[in-house]
Amino acid sequence: MTRYIIYRFLQTIPTLIGVSIIAFALLRLTGDPARAVLGDMASHEAVEAYREEHGLNDPLIQQYLRFIGDILHGDFGVSLRYNEPVFDLFLERLPPTLELGLAAMALAIVVGVPVGIFSAIRWNTRWDVVIRTLVLFGQAVPGFYLGLLFIIIFSVNLRLLPTGGRGGLKHLIMPSVALSTFLVALIVRFTRSAVLDVLRQDYIRTARAKGLNEKLIIYRHVLKNALIPLITVIGLQIAILFSGAVVTETIFSWPGVGRFAVQAIYARDFPIVQVVILFMAFVIVFINLIVDIAYAYLDPRIRFD
Amino acid sequence: MGKRNATFDTVVFVRGQRTYMDREKSQSLSGVKSDASAPVAIQPLVPGVRERTFFQRRAHIFFASSANKFGLVALAIFVLCAAFPVRWLPHDPTFVAPGQRHIPPFWQTDGDAAYPLGTDHLGRDILSRLIFSARYTLAVMVFAVVIATGAGVVAGLLSGFYGGIPDSLISRLVDIQLAFPLVLLAIAVLAIIGPGFFNLVLILGLFDWARYTRVVRSSTLSVKANDYIEAARAVGVSNFRILVRHILPNVVSPILVLTTFALARVLLAESALSFLGLGIAPPRSTWGGMIGDGRNYLYEAWWSSAIPGLAISLTVLAINFVGDGLRDALDPQMETDETGG
Chain C
2 MTRYIIYRFL QTIPTLIGVS IIAFALLRLT GDPARAVLGD MASHEAVEAY
52 REEHGLNDPL IQQYLRFIGD ILHGDFGVSL RYNEPVFDLF LERLPPTLEL
102 GLAAMALAIV VGVPVGIFSA IRWNTRWDVV IRTLVLFGQA VPGFYLGLLF
152 IIIFSVNLRL LPTGGRGGLK HLIMPSVALS TFLVALIVRF TRSAVLDVLR
202 QDYIRTARAK GLNEKLIIYR HVLKNALIPL ITVIGLQIAI LFSGAVVTET
252 IFSWPGVGRF AVQAIYARDF PIVQVVILFM AFVIVFINLI VDIAYAYLDP
302 RIRFD
Chain S
62 MGKRNATFDT VVFVRGQRTY MDREKSQSLS GVKSDASAPV AIQPLVPGVR
112 ERTFFQRRAH IFFASSANKF GLVALAIFVL CAAFPVRWLP HDPTFVAPGQ
162 RHIPPFWQTD GDAAYPLGTD HLGRDILSRL IFSARYTLAV MVFAVVIATG
212 AGVVAGLLSG FYGGIPDSLI SRLVDIQLAF PLVLLAIAVL AIIGPGFFNL
262 VLILGLFDWA RYTRVVRSST LSVKANDYIE AARAVGVSNF RILVRHILPN
312 VVSPILVLTT FALARVLLAE SALSFLGLGI APPRSTWGGM IGDGRNYLYE
362 AWWSSAIPGL AISLTVLAIN FVGDGLRDAL DPQMETDETG G
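Chains as they are written, first to last, in the working numbering: chain C, 2 to 306; chain S, 62 to 402.
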């Protein structure tokens, strides 16, 4: 187990290096950083002096290493628009995004898992067909479109919920439901097939043969085994959640990281974009690491792959 | 997978259940000797039962589901819209008429039958625009998926076949690719290189290759373990030929299934990007772009966003139906186990 953890941990290093190279390149592709800071009107001498001072004339590899060193010291650069450290600006916008993300994820699990189990137990009945159809619809509707429909129905017509912004529970309902719809569908689908898989195992037949109560079989034998693979879906969710948050936050004017990044992109304030992308990629890599280790811990067969 | 099933040739009905027998067994049972010099029609075991080719059997499974039929019909309509000549459209899709902006669809009280789905904020006919935009929507999807399939399949084949350094290199690249939040990175890159048809296709294509690589790699690994690969190698077949003639045909069905789902994923990602204003340049538009156009007029004209969104949702639904259907039809287990998963 320890060997697996170390191996899996080492695997993330090249991934993180690759991610940082792309993030570094992203900022360089957007033009001369000196020009970006000083503006188009700056004289050639001023630009050259800035380049010399900030080491922009050094070989790229040296600049990249310095970039990594800065990141490790928590220095992610300065926003061109706000003239403040981007990391501080980023941290201010993180809580709303976490709030929205956790709400969507909790909703997806609380709704998705029971519905998936129910659908599997009622396999091929009318209920199962209805749920499967709903799942297909849930996966087909773009999250941002669902958000717009919610605004049209609940804000414009019924005037029940605010169109955007962050506040109490009322503000959270539409964005979190719009963000979680795809995940609910994913989790229902996954839970259903996992439970069906377990229901077909011989030990379930044995349990039934010895006359165990069906409820007991579901609780003790089926769920325990079926829900382990669900952990991998949670890992998958993170990336979907981040991508979804970018669009959902924009629609609902949610003051989080995703909307902040989109605004920064339009304002060509790329240090902000860089820190958001780095953060999201890091979280995705880290959560996948945890998920793999948790999975290996819960299912010993994995390690010998 | 596919290889083993290719030898099952005769359809046999046993107590109403469809099963398949392999050629030799059915021949010996029906008393027909196989003769290499003269092609012999194989007699069905049960008289009157039509023989089916491999492809026909798959098609039979596929068309048994009405969801699959709906999916195919919906996609056919989509493609017809894309091919529909502009001058046959009821209105010029790019004609701006400020005097008739925000006409509601026909089922609303002040709707106009000349504009069945209403008009948008510039007075353009939404039905005409919907049909007109289908071609760009379809083009972006197809080109992006072609790029993703091409890059992903080649990388997956090389990774699975050669193993070692190419494999770990490609696998790390896949990890890096999958670590990024796709939409955000796509927005950033499009903002840098500028929006436009070509850039959009390129970004969407390059961001979807990693999924192919993962699947094709693992399929290649399992196909590679077969004896006939060993045999081919023993008689001196080159690596390239083994890859193209022996491995590629056997990983086609997972690729086909992946491709359908990739079409749906690319359509969703494209609509999000176009919605944010990073799609192709006006007056051309995709359905996602149309949603974005109407977004600021939700109070006055909800239909100009809602209708193109419905078109996207139905198309993705249709693609997913076809994808699920293909997966079931191409799954060898489905031949004996009709219940599936």
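Ideal Cβ placement from N, Cα and C applies to all residues, glycine included.
Item: Under 8 Å between C-beta atoms of F191 (chain C) and V142 (chain C); Value: no
Item: Residue from C:V87, C:V223, C:G257 with nearest C-alpha to G168 (chain C); Value: C:G257
Item: Per-residue DSSP class, three states only, for V298 (chain S); Value: coil
Item: Chain S residues whose Cβ lies nearer than 7 Å to that of S244 (chain C); Value: P242, L243, V244, L245
Item: Boundaries of the alpha helix (DSSP H) in which G266 (chain S) is found, first to last residue; Value: 258 to 267
Item: Cβ pair P272 (chain C), L95 (chain C) closer than 8 Å; Value: no
Item: Helix, strand or coil at P60 (chain C) [DSSP, three-state]; Value: coil
Item: For F25 (chain C) and V206 (chain S), the rounded distance between their alpha carbons; Value: 28 Å
Item: Option nearest K285 (chain S) by Cα separation, candidates S:S220, S:D236, S:N260; Value: S:S220
Item: Residue interval of the alpha helix (DSSP H) (run including Q12 (chain C)); Value: 3 to 30
Item: Minimum C-alpha distance to M351 (chain S) - residue among S:R278, S:T198, S:G255; Value: S:T198
Item: Status (buried if at least 16 other CB within 10 Å, exposed otherwise) for R260 (chain C); Value: buried
Item: Secondary structure of P369 (chain S), DSSP reduced to three states; Value: helix
Item: Contact list for the stretch 370 to 387 of chain S against chain C, Cβ threshold 9 Å; Value: G370, L371, I373, S374, L375, T376, V377, L378, A379, I380, N381, F382, D385
Item: Residues from the stretch 352 to 363 of chain S in contact with chain C, defined by Cβ distance under 8 Å; Value: I352, R356, L359, Y360, W363
Item: Top-ranked residue by Cα proximity to L92 (chain C), from C:S181, C:M281, C:N289, C:R160; Value: C:M281
Item: Cβ distance (whole Å) where F258 (chain S) is taken to contact I341 (chain S) below 8 Å; Value: 5 Å
Item: From S:E291, S:R162, S:I316, S:A175, residue whose alpha carbon lies closest to that of L216 (chain S); Value: Going by the sequence as given, residue 216 (chain S) is Ala instead of Leu. Minimum Cα distance to A216 (chain S) is reached at S:I316.
Item: Spatially closest choice to I231 (chain S) from S:F322, S:N260, S:A367, S:G213, by CA coordinates; Value: S:G213
Item: Contact check, A174 (chain S) vs F167 (chain S), beta carbons under 8 Å; Value: yes
Item: Short Cβ contact (8 Å threshold) for L334 (chain S) with L251 (chain S); Value: yes
Item: Proximity winner among S:H163, S:R306, S:A247, S:A144, relative to S244 (chain C) (alpha-carbon distances); Value: S:A247
Item: Coarse secondary structure for P86 (chain C), derived from DSSP in three states; Value: strand
Item: Straight-line Cα distance separating A293 (chain S) from L309 (chain S); Value: 14 Å
Item: The stretch 204 to 238 of chain S: positions lying closer than 8 Å to chain C by Cβ; Value: R233, L234, D236, I237
Item: Partners in chain C for L329 (chain S), counting only beta-carbon separations shorter than 8 Å; Value: P143
Item: Boundaries (first-last residue) of the alpha helix (DSSP H) holding W348 (chain S); Value: 348 to 355
Item: 8 Å Cβ cutoff, L337 (chain S) in contact with chain C; Value: yes
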